[in-house]
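The block underneath contains the structure these notes are about, expressed in structure tokens.
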Amino acid sequence: MRYCTLGRTGLIVSEIGLGGAQFGIRDYMGHWDPTTADAQRNVTTVVHRALDLGYTYFDTAPGYGDGIAEEMLGAALEGHREGIVLATKVSAGRWTPA
């Protein structure tokens, strides 16, 4: 994996990141129900594989399934939070903190 500095932050991140939209949105890329235990197991498997490959940058948003993607990614990253950069978004809209 190659790494770079994120803007002027001084944070070093993997050049490839893992986006979480597909985690929380039902049928986003084919048949997918993010509310099942199987879905969380699959997300955890994907995230752990990304970590094994050297990914350090993860992206999500409260709009990805009304916060489901944030919750799933958080659960998958439990115990692996050191050395990663987790990006999310904010909105002036109706979203509440996840």
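Numbering-wise (our numbering), the sequence shown opens with residue 11 and increments by one. Just so it is clear, CB atoms sit at the ideal spot from N, CA and C, and this is done for glycine as well.
Proximity of residue i and residue j at Cβ, strictly below 8 Å
i   : j   : result
T66 : G29 : no
N98 : T55 : Reading off the sequence, residue 98 comes out as Thr, not Asn. The answer is no: Cβ separation not under 8 Å.
I35 : G75 : yes
F33 : A79 : yes
Residue i versus residue j - alpha carbon distance
i   : j   : result
H41 : E25 : 29 Å
G77 : Y38 : 15 Å
A49 : V95 : 23 Å
N52 : G17 : 32 Å
E81 : R59 : 18 Å
DSSP-derived helix/strand/coil call for residue i
i   : result
V23 : strand
T15 : strand
Close Cβ partners of residue i (< 8 Å) along its chain, the five nearest in sequence each way excluded
i   : result
L63 : M11
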